[in-house]
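The next block holds one structure in the form of C-alpha cells; read it before the comments.
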Amino acid sequence: MAETAFSAIKRRFDPAVHLCAWYREFRELVLTTAVYNLEQALKQ
Numbered sequence: 001m002a003e004t005a006f007s008a009i010k011r012r013f014d015p016a017v018h019l020c021a022w023y024r025e026f027r028e029l030v031l032t033t034a035v036y037n038l039e040q041a042l043k044q
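Position 9 (the sequence shown) corresponds to 9 in full-length UniProt numbering; numbering is contiguous.
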C-alpha cells in the first residue's frame with residue numbers, strides 16, 4: 001500500500017522535487033506527502 005502512495009506522489013509531484021540540500025528535499029517531501037494525504041482525505 002505504501003508503494004502505491006509513493007508512486008502516486010512521484011507521478012504527480014516529481015517535477016517539483018529538485019532541491020539540493022537533503023534537509024530541504026526532506027522538508028519538501030514531507031509537505032508534498034501532507035498535501036497528498038489531505039487530497040485523499042477530501043476525496044472520501
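Cβ atoms here follow ideal geometry from the backbone N, Cα and C, with glycine treated the same way.
Have a look at residue i and residue j and give me their C-alpha separation to the nearest angstrom.
i   : j   : result
A34 : R27 : 11 Å
V30 : L42 : 18 Å
T32 : E25 : 10 Å
W22 : Q44 : 33 Å
A9  : L38 : Sequence check: residue 9 is Ile here, not Ala. Approximately 12 Å between the Cα atoms of the pair.
Would you kindly report the start and end of the unbroken alpha helix (DSSP H) that includes residue i?
i   : result
Q40 : 22 to 43
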